[in-house]
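In our numbering, the protein residues as written are 33 to 311. Beta carbons: idealized from backbone N, C-alpha and C, even for Gly. Working notes, structure below.
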């Protein structure tokens, strides 16, 4: 399909305006992290690194970053295990209620965050009688982070040849050997992409975290929310927001690169070579 020059110009202009609308506020946050004016006057009368220094010296910020990283890593590991097992079960096996299970697995990421947060809060505090802590946050994050892993892995499984696994089994390889030498090489990039997306999703989650976190615990998004309207902390909040943007962008960019079809084709060829050694 070829577009005329006028159509290209119109589409280019619309795309540019949409991107400007989305990313101009983010650029403003970056600029204000260096703004010497505490009230963020515009245009900036000067630039300073003072707020960056205060952010790195803040004990609360450092503790919040460490907590968010820990929660994101643990919930990502749980999501990788559960998401992979579910995708293998739903793609490689047929059983009664498979489509229902598939819907229930994907549903948490489709529900509004506030609904998920309220439901999990009720489950922890009312049904299970478990006090809210960082572990309840991790479990809550894993419920929706698992979906990103599941979607990536099951999409890759649908493009891979199940006969490679059957051939490995015919050659005498056991279930674990077949998975390690045949299935896993084909899923490796999908697992890494799903894990990176799950990490990014968990690291900046705030709605579900608000309903499932303990009273004395703080993640980085929660710290930002608590200090956003404090005059003395407002400049530091901009710095923390920039750090959050960078940490969120990097795994998403890597996941996008890893999800390319060319990567899947490469791992598929490696998996085919692994069938003979599997015996």
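(message) Starting from residue 87, trace the alpha helix (DSSP H) in both directions and tell me its first and last residue.
(response) 82 to 89
(request) Put residue 183 into one of helix, strand or coil per three-state DSSP. (result) helix
(request) Report the option in 64, 143 and 233 whose CA atom is closest to the CA atom of residue 267. (result) Cα-wise, what sits closest to residue 267 is 64.
(request) Report the residue from 153, 149, 269 and 158 whose alpha carbon sits nearest the alpha carbon of residue 237. (result) Looking from the CA of residue 237, the closest CA among 153, 149, 269 and 158 belongs to 149.
(request) Give the straight-line distance between the Cα atoms of residue 47 and residue 285, rounded to the nearest whole angstrom. (result) 20 angstroms
(message) So residue 316 and residue 271 are supposed to be a Cβ contact under 8 angstroms. How far apart are they, rounded?
(response) There is no way to answer for residue 316, as the model of the chain reaches only from 33 to 311.
(message) Can you check which of these residues, 251, 142, 216 and 205, is closest to residue 6 by C-alpha distance?
(response) This structure cannot settle anything about residue 6, because the visible part of the chain is limited to 33 through 311.
(message) Can you look up residue 79 in the DSSP assignment and give me helix, strand or coil?
(response) strand
(request) Measuring alpha carbon to alpha carbon, tell me which of 44, 34 and 61 ends up nearest residue 275. (result) 61
(request) Just list the alpha helix (DSSP H) runs in the segment 152 to 222, keeping only unbroken ones of 4 residues or longer that don't cross its boundaries, in chain order. (result) Runs found: 166 to 191, 195 to 202 and 207 to 210.
(request) Check the C-beta distance from residue 153 over to residue 71 and give it rounded, since I have them as a contact under 8 angstroms. (result) Contact doesn't hold; Cβ gap of about 37 angstroms is too wide.
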